[in-house]
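A quick write-up on the structure given underneath.
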Amino acid sequence: MTVRLNLCLLLVLPRLILSDPGHPNQVVLLDTTAVLGELGWKTFPVNGWDAITEMDEQNRPIHTFQVCHVMEPNQNNWLRSNWMPRQAAQKIYVELRFTLRDCNSIPWVLGTCKETFNLLYLETDEPQSPTARFHAADYAKIDTIAADESFTQTDLGDRVLRLNTEVREVGPIARKGFYLAFQDVGACIALVSVRVYYKKCPSTLRNLAAFPDTVPRVDSSSLVEVRGACVEHAEERDTPKLYCGADGDWLVPLGRCVCSVGYEETDGLCLACRPGFYKAFAGNIKCSKCPPHSYSHSGGSPLCPCDIGYYRAGKDPPTMACTRPPSPPRNVMFNINETTLFLEWLPPSDAGGRKDVAYNVLCQRCTGAGQDCEPCDRDVRFIPHPLGLTGTSVAIQDFVAHTNYTFLIEALNGVSGMGGISRPLANITVSTEQAGPLLVGAVRKDWATQNSIALSWQEVEQPPSPILDYDIKYYEKEQEQLSYSSTRTKSPTAIVSGLKPSTIYVFHVRARTMTGVSSYSPKYEFSTGDENSEEASDQGQVLVIVLAAVGGFSLLVILTLFLLITGRCQWWIKAKMKSEEKRRAHFQNGHVPFPGIKTYVDPDTYEDPSQAVREFTKEIDPSRIRIERVIGAGEFGEVCSGWLCTPGKKELSVAIKTLKGGYTERQRRDFLREASIMGQFDNPNIIRLEGVVTKSRPVMIVVEYMENGSLDSFLRKHDGHFTMIQLVGMLRGIASGMMYLSDIGFVHRDLAARNILVDEGLVCKVSDFGMSRVLEDDPDAAYTTTGGKIPIRWTAPEAITYRKFSSASDVWSYGIVMWEVMSYGERPYWEMSNQDVILSIEEGYRLPAPVGCPVALHQLMLLCWQKDRGRRPRFGDVVSFMDKLIRNPSCLLTLVDDVHGFPESPEDMPDYPLFISVGDWLDSIKMSQYKNNFIAAGYTTLDSVSTMSIDDIRRIGVSLIGHQRRIVSSIQSLKLQFLQVQQNSFHMNGHFCEKMEM
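Everything in the sequence shown is counted per my numbering, starting at 24 for the first residue and increasing by one.
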């Protein structure tokens, strides 16, 4: 007799709720609890599985299937679902909810009772015909399903339902659709619900980029890289990317979009700026209110136009208020002595809202009453110059006595001349009746050779006071107004020598009396190379013979000294070579080449890179790290801020670099390589490594946290907020950190303001050692790379062309960093392409001084940018120089804007040493014991020292011949440097900073 157990009691329960809250990362293909009508599933044989529909507590139908033929042997009951299209799925998930009865609780059961059933599937491209025969062999088995909890007869009496949930994966699915099948081989089962779905990463917005629905790959260890599309009115900064994980979760966000000009970020979208506001640059910053005297009537304004009567100059940033031209200068006054006219005035009462007010002085000469005035002769000389004055005074020389002059003084600023507005003028008429008399008659040429001209002139018969001497000013006619020379004589004759052959020279002569100097005579033009005088020619021949004799005797003396010195040099060279061989042997035996200085070890020299990580870093327990928020994205993953908890110590604020999931072993090795580099550094101006996490995931590098972030963005955010001493202090900190790296034999290769971090105390620290390499023992050695990207705008020419990096190339990069700091984070070379930058540098172009940059700092920049890397200063020199500037801030008062003729190329500069006082100079030549001698004798500046002779050196107390020679040799170098500075018109207040206190 067949006995069939009734399982209907299992479904009549007072609190059966099977609803699912839903998952945004799942796409459901089938959910039997949501089907309102019949399911229409097939059973084989027909009397195997029973379909039962019940109502749950909310009166919703619940489609269940049950089978319990445990009293009959050899059961093989099949239940098959309808055909389901797979849609975009590559892998599907089947979630089963079912109950199963314990075989031991069933009375009179035979030995065929089971407590499991089989789950199978069949892939097809289209549904099978309803009349098609069922073939069990066509189905592939997914798994054997067993219950975690089974019920008994007691449970039936107590109406207790033990519901099991099992999930199985199926895939990859290649056909268009599939069937699910359930095989019973002799169990007592109630299949309560079946849910079939596949996973996806749902569409999302991250960093102003939209990412579409994405289906993960079948391989659970492989991530799908998805590129996002910027939202409307946004543009890419770095390519926005997300990685879709196997569980349908988005991982490792990289890159970002920023709102375009005129739009700001609001709730993940870019919305137009309101009227009255603007945004001039693309970025995730808020719109700003229009500056004073400007407006914007419509939304989405990139800038605010100026009000009527107000203007912006071409170089004014959009953030600057609109301004207007200044009013005229006030209270023009003059004072005249015998040779110089002084003009002074007060600044305009209204500067137009700008600080770049300058003045032009225009001169007109009026020869008599009722006559029109005409522009002044070019002989009239203005000191310092007539145009572009930043001060409110000017001195005028070489004017004509007993003449009326009218001087027009105009004030102008950056917006003068805009809008057709005429420039405001102030004028004053000056009579030169008070000027000194002309004490020199007509000047004539007595004779001339190829290199000399003899002059004479006639004195006035009765000068107002005795004539002391005469001053002769002369210059090449072709070089008029550029430079001139002068000489003095006590008699009304002079021989001017050292001239160029066959060249026209212009001469002026004036007399000096007890009351001052007279005005210059009119200009006279004479040419060299005139052979009218045989006597002059004979005198020239005699002069040549005398010079040849003196030269021969000097050559004999030099040869004698050379032979004596050569013998000593050969002995010194042999001793030096012997010392060098001893030093190399000492180094090869494992000794440190520089006692007291730790030498850097390149992690790439280890066969096993993980050994370098273990040797130079400290492993941190991840439980001690508390991550708070993501602050950026690095090359290998996210950068977060958080806290490091150390027992017995205060929590430390740290930055955590994480390695993104799905990395390769090479990526892991490159990621940890920077940590094994940083772990070797110990300097207050180098970013400090706290430790690493390598024994768990994610892999992390933990460093000290720098509150103000990268230096370039920090400076742009605080444009114009710091004093010059604060900026110099920042540069000094960077140079100190680089000096430490150079001393241990390390080349950074990517020194830039973006790789300098700033803490809350404005201390700058060097970071980002991803491109760094080791410097060999030879201090002139350079690392040669075979590939990789090079930051063109920060890199020295030899590193770009030949890929040779050294501490000298880091010095070049430091000069660019100086420029970035002084320009408050402006982009080097602006919008020039990389190719244009390379060509311009090769042709000798160098970055000009930023606005408001002191001469001292721009000269140091030019020294760092010398093409010959051997002429660039070392970082130790730079640190010493910065210390002197900090101790003597008056050296920072002279700005490049106030100096005319400053060389724009380092090739035009002398090889100027980085010392700025007499004491520094004596220290550099190891003669510091004579500092008091020089000061007591009145030689307190390098200008005065450059005029000293050997007799002066003996007179101040330097008695040793060797010391005399060393000092004289150094003074000769100073003379050459000052001469080259003069030729380049490099006129500063006190020659750089020579007047500093020692």
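We put the beta carbon where it would ideally sit given N, CA and C, even for glycine.
Assigned secondary structure, T55 (DSSP; H/G/I helix, E/B strand, else coil): The answer is helix: DSSP assigns T55 an H, G or I state.
In the DSSP output, what is L102 paired with across the bridge? T66, F205
Report the start-end ranges of each beta strand (DSSP E) in the region 470-502 that is 3 residues or longer and not cut off at the edges. 476-482, 490-499
Can you name, in chain order, every residue of its own chain whose Cβ lies under 7 Å from the Cβ of G655, other than the five neighbours on each side? V662
Residues bridged to R404 [DSSP beta-bridge criterion]: Q420
Residue environment, I994, which counts as buried when at least 16 other CB atoms sit within 10 Å: buried
Touching by the beta-carbon criterion (3+ pairs, under 8 Å), the region 856-866 and the region 711-720: no
So if DSSP puts E1038 in a beta bridge, which residue, or which two residues, is it bridged to? It is not possible to answer for residue 1038, since the shown part of the chain is limited to 24 through 1021.
Does the Cβ of I40 have 16 or more other Cβ atoms within 10 Å, making it buried, or fewer, making it exposed? With a pLDDT of 42 at I40, under the threshold of 50, the modelled position of this residue cannot be trusted, and the question is left open.
Looking only at its chain, what residues have a beta carbon closer than 8 Å to the beta carbon of V132, apart from the 5 residues adjacent to it on each side? Same-chain partners within the cutoff: V93, M94, C126.
I'd like the list of long-range same chain contacts for W666, defined as Cβ closer than 8 Å, with 5 residues on each side in sequence excluded. I648, R649, E651, E674, L675, S676, V677
Tell whether a beta-carbon distance below 8 Å holds between R892 and E843. no
What's the gap between the Cα of I815 and the Cα of D261? 19 Å
For T139 versus I165, is the C-beta distance shorter than 8 Å? I165 sits away from T139, with the two beta carbons spaced by 8 Å or more.
Check A831 in the structure and name its three-state DSSP category. helix
Do V50 and A220 count as a contact pair if the criterion is CB distance below 8 Å? One detail in the question is off: residue 220 reads as Tyr in this sequence, not Ala. Contact: yes.
Using beta-carbon positions only, say whether W817 and P873 come within less than 8 Å of one another. no
Rounded to whole angstroms, what's the CA-CA distance from H771 to P195? Just pull it up for me. Their backbone Cα atoms lie some 49 Å apart in a straight line.
Who are the Cβ neighbours of M600 in its own chain at under 8 Å, not counting the five residues just before and after it? Residue placement at M600 cannot be trusted, given a pLDDT of 43 that sits under 50; the coordinates are not used to answer.
Within its chain, find whatever has a CB closer than 6 Å to the CB of G613; leave out the 5 residues flanking it on each side and keep chain order. Unreliable positioning characterises G613 in this predicted model, as indicated by a pLDDT of 35, which lies under 50. The coordinate reading is nonetheless provided below. So no residue of the chain qualifies.
Which class does W368 belong to by DSSP, given the choice of helix, strand or coil? strand
If you reduce the DSSP assignment to three classes, tell me which class N708 lands in. coil
Around the Cβ of H46, are there at least 16 other Cβ atoms within 10 angstroms (buried) or fewer (exposed)? exposed
DSSP on W72, reduced to helix/strand/coil? coil
Burial state of S646, where buried means 16 or more other Cβ atoms lie within 10 Å: exposed
Can you give me the start and stop residues for the alpha helix (DSSP H) that Q889 sits inside? No alpha helix (DSSP H) holds Q889; DSSP gives it neither H nor E.
What does the alpha-carbon distance come out to for the pair L292 and L59? 41 Å
Using 8 Å as the threshold, is the region 114-126 in touch with the region 192-207, meaning 3 or more CB pairs across them? yes
Tell me the rounded alpha-carbon separation between Q98 and D242. 37 Å
Taking the alpha carbon of L682 as the reference point, which residue from V716, C668, M701 has its own alpha carbon closest? V716
Buried or exposed: where does W835 fall if 16 or more other Cβ atoms within 10 Å of its Cβ makes it buried? buried
Once the 5 residues before and after S244 are set aside, which same chain residues still bring their CB inside 8 Å of it? Listed in chain order, the non-local C-beta contacts of S244 below 8 Å within the same chain comprise A269, G685, local neighbours out to five positions each way being set aside.
Using the beta-carbon count (16 or more within 10 Å), is W853 buried or exposed? exposed
Going by DSSP, what residues sit across from H1099 in a beta bridge? Coverage of the chain is limited to positions 24 through 1021, which leaves residue 1099 absent and any answer about it impossible.
If you follow the beta strand (DSSP E) that D261 is part of, which residue opens it and which one closes it? 257-267
Could you tell me whether the region 431-446 touches the region 333-340, using the rule of 3 or more Cβ pairs below 8 Å? yes
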